[in-house]
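To start, the structure under review is shown below, and the notes come after it.
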Amino acid sequence: MRRRAHSPMPRNEPASTYDDMKESKKRLWCCPAVFSNGNSIDGILNDGMASPRRVTRFGTAFCENMLFWKLTMLFLVLTFIFFTTWVVDLALSRSFSPVHRLHVAQGIIPHPSTSFAVVINTYKRPDMLRGAVRHYAYKCGAKSGISQILIVWPELDVTPPSAASMLEAAGKNVRRHLSFPFAPEDNGLNMPKLEFIRVPKDSLNSRFLPIKNLNTTAVFMVDDDIQVSCPSLSSAFQ
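The numbers in the UniProt record's numbering rise by one with no breaks, and the one at position 186 of the sequence shown is 186.
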């Protein structure tokens, strides 16, 4: 008895139509939304509602549109994340100094004080003392955050000069010593309060005694022969 050869093609089905149906099945698998009504691929192709070529074109176009919109949404989300991160980083970099940002990252709460005091240590060097007062009072002043200048006076047998006379002596020829134009009428706005501190004995440890009239929580102690630049003072205080 001869065995009939098996044919992969259904009977009474043209070759071109059968090949189109197979190709349609492959293409339509990428679009599950096409079969959301519960119909199978064979049902759609065999119920006579649509030709294989028409369904293939529809499925391919649908898949391409879905891929385009998914890529577009992904691009928009990534752009939004990048832009938001950039704006936040820019705002932080402009609002806080690097030291302040480091303290915030470490959980250190900055003190709300907006000014500090300069404590000058001196001993029988009037010229250097006047130069230090000229630098910290006239050149830096309140614009650099200095609100007080306290001079530790260790000479027990010598009466210190008054604050006004010291400021006047330090302010002589101030235009020649400063690198920017100075207007005397601006003294009241930019001039820190100056005061002498009399110590009970001539000792290096006297500079570390408590200061009664200190009005700030931050203190910068320096010798009379050292003049720190104003930007460095302001940056260190911040």
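Even for Gly, the Cβ is constructed at its ideal location relative to N, Cα and C.
Keep in mind it's a predicted model, so treat the numbers as computed, not measured.
Just mark residue i as buried or exposed, buried being the case when its beta carbon has 16 or more other beta carbons within 10 Å.
i	result
L129	buried
A236	exposed
V152	buried
L28	Unreliable positioning characterises L28 in this predicted model, as indicated by a pLDDT of 49, which lies under 50. The coordinate reading is nonetheless provided below. Buried.
A170	buried
G144	Here the sequence assigns Ser to residue 144, which means Gly is not the residue at that position. Buried, since its Cβ has 16 or more Cβ neighbours within 10 Å.
A164	exposed
M166	buried
V158	exposed
I146	buried
L233	buried
Residue i to residue j, Cα distance in whole Å?
i	j	result
D127	N215	27 Å
F68	L76	12 Å
Q148	W86	40 Å
T217	S113	7 Å
P192	S115	10 Å
R125	T84	58 Å
Q227	C140	10 Å
D224	T122	5 Å
A183	Y138	The pLDDT assigned to A183 is 46, lower than 50, so where the model puts this residue is not dependable; a value taken from the coordinates is nonetheless given after this. Their backbone Cα atoms lie some 10 Å apart in a straight line.
E155	D202	7 Å
D89	L78	17 Å
H135	S206	24 Å
V219	E195	14 Å
F208	A142	24 Å
A117	M73	57 Å
K70	C230	56 Å
I197	L204	14 Å
P161	I211	19 Å
V119	M221	5 Å
E168	L150	16 Å
M66	F82	25 Å
N213	V199	14 Å
G131	F80	56 Å
Q238	V133	22 Å
Which ranges would you report for the beta strand (DSSP E) in the UniProt domain "Glycosyl transferase 64" (116-238) if only whole runs of at least 3 residues count?
116-121, 146-153, 193-198, 219-223
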